[in-house]
Amino acid sequence: MEESYRLRQSKGKLERLEREYAELDERLENHYRITNGQPMNDKRNGASWFKKENWFLDKIRDKRQEIEEQRERVEKLEEQAYNKANGLARNGSGLEMSVPNLPRIKEHIKRAEQGELFVTKATVRRWKKKVIELEQMKETSDTKLTAGAQKLVDDGLLRQWKKKPTIYFVTDHHFRKLALELNSDGKFEECSVYKYRAKTEDAEKYIRDLLEIQEESK
5 MEESYRLRQS KGKLERLERE YAELDERLEN HYRITNGQPM NDKRNGASWF KKENWFLDKI
65 RDKRQEIEEQ RERVEKLEEQ AYNKANGLAR NGSGLEMSVP NLPRIKEHIK RAEQGELFVT
125 KATVRRWKKK VIELEQMKET SDTKLTAGAQ KLVDDGLLRQ WKKKPTIYFV TDHHFRKLAL
185 ELNSDGKFEE CSVYKYRAKT EDAEKYIRDL LEIQEESK
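If you're matching positions, the sequence shown starts at 5 in my numbering and goes up one per residue.
So, in structure tokens, the structure goes:
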């Protein structure tokens, strides 16, 4: 299973935190050796020694907490990587409904109909309906783009979403999750998915500008 960049980064950070913890622990041990096993209460510079001991103990406690949190993050990313490799949703709750995952969805339908998977008939019907939608989406995404639509892509104004390849997100970082949708004529139009449609005046204007560029570049 190929590791994602985020997973590699998270594992690297965990290793660094564990090294820092080991170094702090070693420094604390060296600090204890100063006393030769004797109590510091009545010794000269005892207050300074205890202050430094508390500093080490606080640092070690904080570092241990960081390590635990980072381990949880690594485990979460490993679970997501496993789910992705096996065609599951990121949270593992079910199949990922995307065009690239079509073969696995069909495989699950076949196994369910053969009694190899214990899922409800309603789930199988939902999968089959989704397969039809995704195949239509794939067919539309294979449509040759018009000159105007191609210009928007070539100019880097739109980026295709691999999971739902008829959806193209705008690349302007001022607009989050704003997209146009490719139709069967190879042209972009307002997205049919509500959460990716313009919801502010600025976003509406930006979408109009993109569609005007498309029309002017025939």
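Even for Gly, the Cβ is constructed at its ideal location relative to N, Cα and C.
For clarity, every value in this text was computed on a predicted model and none was experimentally measured.
If you look at Gln140, you'll find it in the alpha helix (DSSP H) that goes Lys125 to Ser145. Taking 8 Å as the cut-off, the beta carbon of Glu193 is found closer than this to the beta carbon of Glu185. Taking C-beta atoms under 8 Å as the contact rule, Pro104 and Lys166 qualify, at a distance of about 6 Å.
Taking His35 as the centre and dropping the five residues before and after it, the same chain places the C-beta of Trp53, Lys56, Glu57 and Phe60 closer than 8 Å to its C-beta, in chain order. Looking at Leu106, Val128 and Arg108, the one whose alpha-carbon comes closest to that of Ala116 is Val128.
With a beta-carbon spacing of about 16 Å, Tyr198 and Val174 fall beyond the 8 Å limit used to define contacts.
Within its own chain, the residues whose Cβ lies closer than 7 Å to the Cβ of Arg31, once the five positions on either side in sequence are excluded, are Phe60, listed in chain order. Residue range Tyr9 to Arg37 is occupied by the alpha helix (DSSP H) that includes Tyr25. With respect to the C-alpha of His178, the residue from Ala202, Gly190 and Glu82 having the closest C-alpha is Ala202. Rounded to the nearest angstrom, the gap between the Cα atoms of Met101 and Lys134 is 7 Å.
In the displayed model, Val157 falls within a helix according to three-state DSSP. Per DSSP, the continuous alpha helix (DSSP H) segment holding Arg115 begins and ends at Leu106 to Glu117. Under the three-state reduction of DSSP, Leu215 is assigned to helix. Cβ-Cβ separation between Leu18 and Gln84: approximately 16 Å, too far for a contact (criterion under 8 Å). Secondary structure at Ala183: strand, using DSSP grouped into helix, strand and coil.
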